[in-house]
Amino acid sequence: MSQTLNIRRVAGALGAEISGVDLSASLSDETIADIRHALVEHQVIFFRDQSLSPAQQVAFGARFGPLNIHPYVAGMDGQPEVMEIIKEPSDKINFGGGWHSDMSFLETPAIGSILYAVELPDWGGDTLFASQAAAYDALSPGLKATLEGLNAVHSASREYSAQGHSAQKRGAMKVAEADGYVGEYVHPMVLIHPESGRKALYVNPAFTLRIEGWKTSESKALLDYLFNHCRYEGFTCRFGWRPGSVAFWDNRSVWHFALNDYPGQRRHMRRVTVDPWPVSDCASIAAE
Ligand code: SIN
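Laid out in structure tokens, this is it:
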């Protein structure tokens with residue numbers, strides 16, 4: 025049986041807070057479908073006052089698709105799908121501290137990420153989200169038409185290289201350096217969301233290296249324009265965490281940015297990341 029979700033939008037472009045559901049419970053298929061529908065509609069959804077063990081977070085996430093095991097960031101002992109995102113008081117750099125979407129450096133990027141707040145600083149540590157569907161909508165017809173014919177090359181090489189942001193040492197996170205050739209994958213610069221049909225820009229300041237078939241200098245000019253355009257404040261919302269808060273964002277149409285504005289304090293989150301169902305499973309689900 026479906027349970028009633030109370031949904032309250034938090035900003036014009038994206039984001040809604042949902043109450044009336046305990047994510048640690050064994051939720052019905054109808055309630056999961058309602059949550060998925062809210063995610064697709066609002067692009068990022070927030071829940072408050074949850075209490076999730078790592079196993080319960082895995083169980084909830086797995087209702088939406090197979091869970092990703094990050095190739096460079098070690099998961100929890102015994103629960104490899106759970107990535108602990110920790111900034112210790114002595115750390116200078118935080119994880120996710122720049123605009124990005126998750127895992128576009130894979131051949132099949134993750135569709136969503138579910139982040140649970142365990143411990144927060146006394147102030148700061150909010151996360152910003154930006155709708156890439158709104159960013160696409162705001163472009164001129166001419167630039168939309170140009171981008172729709174283009175692909176971009178994504179790779180983990182920059183972010184997880186020895187010099188990369190994420191590979192720099194943090195007190196409590198085990199981040200491996202991507203050594204040698206880590207693979208480059210090509211994705212369309214405009215994604216059509218498979219569930220809503222809505223178009224969104226799909227470029228990623230952390231992982232997009234260049235536009236396929238373009239010179240580096242040409243690529244840089246257009247990508248820099250888009251990276252700047254995509255973070256316009258009118259496309260964003262901001263989430264202030266409390267212990268027990270959960271954010272679930274759609275990586276196909278949302279960028280996020282973990283603010284690094286709490287020096288000397290600890291912040292501890294747990295993330296599971298949802299991959300798409302394999303195409304073969306989708307076919308059998310559709311046939312049911
Ligand atoms: C992330 O980029 O997944 C981390 C976001 C956050 O810690 O707020």
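If you read the sequence shown in this note's numbering, its first letter stands for residue 25, the second for the next number, and so on. Idealized CB from N, CA, C, for every residue including glycine. Note that the structure is predicted; figures quoted are calculated from it, not measured.
> If you run the structure through DSSP and keep just helix, strand and coil, what is P113?
Replying inline: coil
>> Closest to V106 by C-alpha separation, out of P95, G121 and S114, would be which residue?
In response: P95
> Contact check, M213 vs L171 under 8 Å by CB: the rounded distance?
Replying inline: 5 Å
> For E131, which residues from the same chain have a beta carbon less than 6 Å from its beta carbon, with the 5 sequence-adjacent residues on both sides left out?
Replying inline: Y209
> Any contact of the region 34–41 with the region 253–263, i.e. 3+ C-beta pairs under 8 Å?
Replying inline: yes
>> For S308 and P300, I'd like the C-alpha separation in whole angstroms.
In response: The pLDDT assigned to S308 is 44, lower than 50, so where the model puts this residue is not dependable, and the model offers no usable value.
> Bridge partners of A141, per DSSP?
Replying inline: M293
>> Nearer than 7 Å: is that true of the beta carbon of T232 relative to any heavy atom of the ligand SIN?
In response: no
> Counting Cβ pairs, one atom from each stretch, are 3 or more of them under 8 Å apart for the region 279–291 and the region 78–95?
Replying inline: no
>> Only counting the same chain, and skipping five residues up and downstream in sequence, which positions put a Cβ closer than 6 Å to that of C306?
In response: For C306, the pLDDT reaches just 46, beneath the cut-off of 50, and the residue's location in the model is therefore unreliable, leaving the point undetermined.
> Candidates T55, L283 and D101: which alpha carbon is nearest N30's?
Replying inline: T55
> Looking at C-alpha atoms only, which residue of Q27, Y249, E143 and R32 is the closest neighbour of A159?
Replying inline: Y249
> Under a Cβ-count criterion, where at least 16 other Cβ atoms within 10 Å of its own Cβ denotes burial, should I117 be classed as buried or exposed?
Replying inline: exposed
> If you run the structure through DSSP and keep just helix, strand and coil, what is I56?
Replying inline: helix
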